[in-house]
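One structure below.
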Amino acid sequence: MTKSQDVESWRAYWRGAKAAGVDARDPQAAVLAGGAKGPALDDFWTGFFGSRLEPAPAMMLDAACGAGAVSAQAAALANERGAPLSIHCTDYSAAAVSSALQMLPESAAGFAADCAALPLAPDSYDIAVSQFGLEYAGPDAFKEAARVLRPGGHFAAVVHLKGGAIADECAANLSIVRGIEEIELLSRAKEAFRAGFAVLAGRAPQSAYQTANKAFGEAVEGAKTLIKESPQVAALAFLQRIYADLAHMYPRLKAYAPQDIETWIDRGEFELGAYEHRMSSMLAAAQSQSDMASLKERLQGAGVEAGAPAILEMGSPSRPAAWTLVGLKRA
Numbered sequence: 001m002t003k004s005q006d007v008e009s010w011r012a013y014w015r016g017a018k019a020a021g022v023d024a025r026d027p028q029a030a031v032l033a034g035g036a037k038g039p040a041l042d043d044f045w046t047g048f049f050g051s052r053l054e055p056a057p058a059m060m061l062d063a064a065c066g067a068g069a070v071s072a073q074a075a076a077l078a079n080e081r082g083a084p085l086s087i088h089c090t091d092y093s094a095a096a097v098s099s100a101l102q103m104l105p106e107s108a109a110g111f112a113a114d115c116a117a118l119p120l121a122p123d124s125y126d127i128a129v130s131q132f133g134l135e136y137a138g139p140d141a142f143k144e145a146a147r148v149l150r151p152g153g154h155f156a157a158v159v160h161l162k163g164g165a166i167a168d169e170c171a172a173n174l175s176i177v178r179g180i181e182e183i184e185l186l187s188r189a190k191e192a193f194r195a196g197f198a199v200l201a202g203r204a205p206q207s208a209y210q211t212a213n214k215a216f217g218e219a220v221e222g223a224k225t226l227i228k229e230s231p232q233v234a235a236l237a238f239l240q241r242i243y244a245d246l247a248h249m250y251p252r253l254k255a256y257a258p259q260d261i262e263t264w265i266d267r268g269e270f271e272l273g274a275y276e277h278r279m280s281s282m283l284a285a286a287q288s289q290s291d292m293a294s295l296k297e298r299l300q301g302a303g304v305e306a307g308a309p310a311i312l313e314m315g316s317p318s319r320p321a322a323w324t325l326v327g328l329k330r331a
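Counting from 1, position 46 in the sequence shown corresponds to residue 46 in full-length UniProt numbering; the numbering is continuous, with no gaps.
Given below as structure tokens:
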């Protein structure tokens with residue numbers, strides 16, 4: 001997967017979420033793109049901001065902001081404590097930034113940018129944060145976050161953990177998506193619908209439909225097996241929705257316009273491909289212990305003294321799911 005494919009898959013996700021009116025606070029949407037919420041994350045950020053929001057005005061950058069959950073929590077805590085906090089959100093996706101700003105005070109600002117090459121002057125912010133974000137942009141993004149911090153500024157990031165609970169769920173999702181592609185469910189459905197419409201219009205013999213219908217039936221059986229054997233993760237719900245829609249539409253061919261069916265299948269194929277890219281990018285972004293040591297060195301090289309990376313457990317029962325990395329820029 002190229003970086004451009006990765007970027008476009010996330011842009012497509014956020015454009016689709018915005019067009020569908022998805023609430024940026026929705027946990028399922030958030031888990032995918034840095035807006036995840038939950039007791040462990042809330043506790044971490046409450047602890048981080050608790051000792052760093054002061055009466056003096058401060059500027060905060062939420063880098064690779066996704067759904068903007070961290071900014072929203074910071075804004076709420078600052079409001080409770082009467083701490084003047086100016087928040088700037090940035091993400092590769094303009095739609096993500098727009099979604100994040102919906103959750104924030106009108107004074108908040110946002111812009112689309114590559115976090116590995118921020119269009120910002122050095123020493124611009126008092127606080128720089130990221131949740132499941134900077135690691136997608138690569139190691140240079142951590143160096144950039146340090147660069148834009150003022151001396152004495154605070155840094156914190158929550159980072160995907162290789163082999164952790166979230167990574168394991170991504171792997172399960174990816175396995176299902178690739179299973180759907182292997183059985184050719186949507187492509188065979190498209191051919192079966194086309195053949196059926198052609199027969200109804202008198203443009204093809206019944207034998208052509210029978211051949212396409214047989215191939216589609218094999219894919220349907222494959223889908224049944226995949227549904228039966230897959231764990232309860234988000235991609236299973238995606239497969240079940242496709243299966244249910246096909247089961248409803250296929251016997252009612254005469255009730256649909258051919259172009260409507262083509263559009264539905266094309267959209268499903270696009271969503272499937274974009275979902276595969278997102279899950280792949282999440283797994284690629286997950287960091288090992290040695291990776292985190294390298295990121296800590298990059299921060300230190302840019303003037304941020306960081307503590308040892310720590311494991312954050314999430315879920316019930318709790319499992320290691322993420323790294324946390326906290327630092328202070330040298331004065």
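Every residue, glycine too, gets a C-beta built ideally from N, C-alpha and C. A quick note: this is a predicted structure, and the numbers were derived from the prediction, not measured.
Cβ pair residue i, residue j closer than 8 Å
i: glycine 179; j: leucine 226; result: yes
i: alanine 128; j: leucine 61; result: yes
i: glutamate 191; j: alanine 212; result: yes
i: cysteine 65; j: alanine 108; result: no
i: alanine 306; j: glycine 327; result: yes
i: isoleucine 166; j: alanine 322; result: yes
i: serine 71; j: isoleucine 87; result: yes
i: aspartate 140; j: alanine 116; result: yes
i: alanine 40; j: leucine 312; result: yes
i: glycine 38; j: methionine 314; result: yes
i: leucine 134; j: alanine 145; result: yes
i: serine 294; j: lysine 162; result: no
i: alanine 302; j: arginine 147; result: yes
C-alpha distance - residue i paired with residue j, whole-angstrom precision
i: leucine 299; j: proline 258; result: 56 Å
i: alanine 215; j: leucine 246; result: 14 Å
i: lysine 254; j: lysine 228; result: 31 Å
i: cysteine 170; j: alanine 234; result: 9 Å
i: leucine 325; j: glutamate 106; result: 29 Å
i: alanine 285; j: alanine 195; result: 43 Å
i: valine 304; j: lysine 296; result: 9 Å
i: leucine 118; j: isoleucine 265; result: 38 Å
i: lysine 329; j: alanine 156; result: 11 Å
i: proline 57; j: histidine 160; result: 31 Å
i: serine 230; j: alanine 83; result: 48 Å
i: arginine 203; j: methionine 279; result: 42 Å
i: lysine 143; j: arginine 150; result: 13 Å
i: proline 309; j: asparagine 79; result: 29 Å
i: leucine 104; j: leucine 53; result: 17 Å
i: leucine 186; j: methionine 249; result: 13 Å
i: arginine 267; j: leucine 77; result: 41 Å
i: proline 251; j: glutamine 232; result: 28 Å
i: glutamate 197; j: aspartate 260; result: The amino acid at residue 197 is misidentified as glutamate; the sequence shows phenylalanine. About 12 Å.
i: alanine 244; j: valine 199; result: 24 Å
i: alanine 331; j: glutamate 182; result: 56 Å
i: serine 131; j: valine 158; result: The question names serine, but residue 131 in the sequence shown is glutamine. Answer to the nearest angstrom: the Cα atoms are 5 Å apart.
i: phenylalanine 238; j: serine 93; result: 23 Å
i: alanine 172; j: tyrosine 275; result: 12 Å
i: tyrosine 125; j: phenylalanine 270; result: 39 Å
i: alanine 19; j: isoleucine 242; result: Caution is warranted here: a pLDDT of 46 is assigned to alanine 19, below 50, making its placement in the model unreliable, and no coordinate value can be reported.
i: glycine 164; j: glutamine 210; result: 47 Å
i: proline 317; j: alanine 208; result: 53 Å
i: glycine 217; j: tryptophan 45; result: 51 Å
i: glycine 34; j: glutamate 262; result: Per-residue confidence for glycine 34 stands at a pLDDT of 39, beneath the threshold of 50, marking its modelled position as unreliable; the derived number appears in the next sentence. Rounded to whole angstroms, glycine 34 to glutamate 262 spans 33 Å at the Cα level.
i: alanine 100; j: alanine 113; result: 14 Å
i: proline 320; j: glycine 110; result: 32 Å
i: glutamine 206; j: phenylalanine 193; result: 13 Å
i: glycine 50; j: methionine 292; result: 25 Å
i: glutamine 102; j: aspartate 42; result: 19 Å
i: valine 220; j: glutamine 240; result: 11 Å
i: glutamate 184; j: alanine 201; result: 26 Å
Residue(s) in a DSSP beta bridge with residue i
i: lysine 329; result: Val304
i: glutamine 287; result: Leu161
i: isoleucine 87; result: Met60
i: threonine 324; result: Val158, Ala310
i: arginine 319; result: Met314
Element boundaries [alpha helix (DSSP H), containing residue i]
i: aspartate 140; result: 139 to 147
i: alanine 78; result: 69 to 81
i: alanine 96; result: 94 to 101
i: alanine 40; result: 39 to 50
Limits of the beta strand (DSSP E) - the one that residue i falls within
i: aspartate 126; result: 125 to 131
i: alanine 109; result: 109 to 112
Cβ of residue i within 8 Å of any chain B Cβ
i: arginine 278; result: The question asks about chain B, but that chain is absent: this structure has only one protein chain.
For this session: Would you mind listing the alpha helix (DSSP H) stretches within the stretch 186 to 262 that are 4+ residues and don't spill past its ends, in chain order?
Result: 206 to 229, 234 to 249
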